[in-house]
Structure formats: C-alpha cells, structure tokens
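If you count the sequence shown from 1, you need to add 10 to reach the numbering used here. We put the CB at the ideal spot given by N, CA and C, even for glycine. Quick notes on the structure that follows.
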Amino acid sequence: PKGAVELIKSMKRGETAIAEISGDYRYPLPEGTPELADDIPLTYAVQLRSFENARQMLPMHNGMVKRVRKQALEEYSLQPAFEAHVEALISLCGYHNQMVIPLIDQEHITLVIGEDETPNLMRKALKSMRVGEQSEFMILPQCATVFTSASFMLGQVSYDFTSVDLQDASLQLMITLLDCTMPTLPY
Numbered sequence: 011p012k013g014a015v016e017l018i019k020s021m022k023r024g025e026t027a028i029a030e031i032s033g034d035y036r037y038p039l040p041e042g043t044p045e046l047a048d049d050i051p052l053t054y055a056v057q058l059r060s061f062e063n064a065r066q067m068l069p070m071h072n073g074m075v076k077r078v079r080k081q082a083l084e085e086y087s088l089q090p091a092f093e094a095h096v097e098a099l100i101s102l103c104g105y106h107n108q109m110v111i112p113l114i115d116q117e118h119i120t121l122v123i124g125e126d127e128t129p130n131l132m133r134k135a136l137k138s139m140r141v142g143e144q145s146e147f148m149i150l151p152q153c154a155t156v157f158t159s160a161s162f163m164l165g166q167v168s169y170d171f172t173s174v175d176l177q178d179a180s181l182q183l184m185i186t187l188l189d190c191t192m193p194t195l196p197y
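Written out as structure tokens, the structure is:
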C-alpha cells in the first residue's frame, strides 16, 4: 500500500501519525468488512516503533531471507559444514491470515548435518551461521511446504505439522547455534 509506505518514509522512530488514505493507496480491508468505494478515505493511526536497514536482511537461495540478530562471539567462530555435529536452539512459527501459529518453542537439538532427515532448508540455514550467532530466517510460503506437508526429523525428534492449516503460510525460523564439532578427517 503506497500511501502507508509514503507516510512511514516521512516519520521518525517513536512518532505517531494520523493519515487519511483512499483508493489504491490504502491497505486491503479485512475479511468480513463491508466494501467501500475507492473514493471513501480511511483514517489510519500509525506509530513507527522501530525500523531496520534493508542491508541487514540477507537473501538466501530457496526462498529464505536471513537476519542476524546476534553476531558470533568471535569473527573466526566455527561454521558448520557437511557431517558437522551441531547443537542449537530452534524456534519455528507460522504466519497465516494475520495469525501467528507456534510450532516449535525453543527446542534444544543436536544433529549431524547430512546424516539424517533434516530438511534441506534447515541444513542451509545452519551452514550459513557461526557458533554463538543467533539468526532469524523468513521462509516464503512456496518453500515452507517442506516443513508443513510431511513429517521431518531434527536430530532425534520427529515433527509433524500436517494436521495444522499452514497452506500459504510463511515461516519464521529462529536459530541460536550453540556448538559445532567438525568431523575428523582420515589421513
């Protein structure tokens, strides 16, 4: 909605603004709201609580966007590779029709990357991180089906969300990478 975007561009953090927005410039009305003609303005009260620089969002392949919430403790912290033993805290929730659907809440997992049925998107997310880092991954609906259309494994735990209505839902995956042990190479 162009009107809201233009309004927000002119605001400062913490500011509240009242705006009348009409026609093609307003948000779509919620389901069940009576239809309004485009020439009838709606009044919006908008408070800008915070914002983030778009450069902090890192697009990844396969319909994921990554945002680092807390950097790794050291610049040269280990980064998981194939067959690395990983320990992490995982949270997963779905966003569908303006509702938040909690799926996994701060689950402590251990797994070996590549040796189990961990979804490929989860492996890619873990391999993009460093020990001590906390990151948020937004997964687009067309890619989220890997978590919502069949059961999957994270370490020794099986998850199944097929009974939850997550069609057209995007997912938010929060990961804190606690530890990583690289495989020993035979010489």
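Problem set entry | Min CB distance I31 to chain D below 8 Å | Among the chains of the structure shown, chain D does not appear; only one protein chain is present.
For this session: Output the residue ranges of the alpha helix (DSSP H) runs that lie fully inside the segment 139-185 and measure 4 residues or longer, sorted by chain position.
Result: 151-158
Exercise. In three-state terms, what does DSSP make of A135?
Worked result: helix
For this session: With a cut-off of 8 Å on the beta carbons, I'd call L187 and A98 a contact; round off their distance for me.
Result: 5 Å
Problem set entry | Range covered by the beta strand (DSSP E) that runs through S87 | Note, S87: premise wrong, no beta strand (DSSP E); not H, not E.
Exercise. Hey, out of V141, Y169, P90, whose CA is closest to R133's CA?
Worked result: P90
Exercise. Can you tell which of S138, H118, A55, N130 has its C-alpha closest to the C-alpha of L88?
Worked result: S138
Exercise. Just how far apart, CA to CA, sit M163 and C153?
Worked result: 17 Å
For this session: For R79, I'd like the list of residues in its chain whose CB is within less than 7 Å of its CB, leaving aside the five on either flank, ordered along the chain.
Result: Q144, S145, E146
Problem set entry | Coarse secondary structure for A64, derived from DSSP in three states | Confidence at A64 is low in this model, with a pLDDT of 45, below 50, so its placement is unreliable and the value that follows should be read with caution. Correct three-state label for A64: helix.
For this session: Tell me K203's beta-bridge partners as DSSP assigns them.
Result: This structure cannot settle anything about residue 203, because the visible part of the chain is limited to 11 through 197.
Problem set entry | Nearest neighbour of Q116, chosen from Q182, M21, Q57, Y105 [CA to CA] | Q182
For this session: Could you tell me if I265 is buried or exposed, where buried requires 16 or more neighbouring beta carbons within 10 angstroms of its beta carbon?
Result: Nothing can be reported for residue 265, as the shown portion of the chain is limited to 11 through 197.
Exercise. Taking just the CA atoms, how far does Q57 sit from I31?
Worked result: 15 Å
Exercise. DSSP beta-bridge partners for A27?
Worked result: V56
Exercise. Shortest alpha-carbon distance to V266 belongs to which of V96, V167, M21, T120?
Worked result: With the chain represented from 11 up to 197, any question about residue 266 goes unanswered, as that position is not in the structure.
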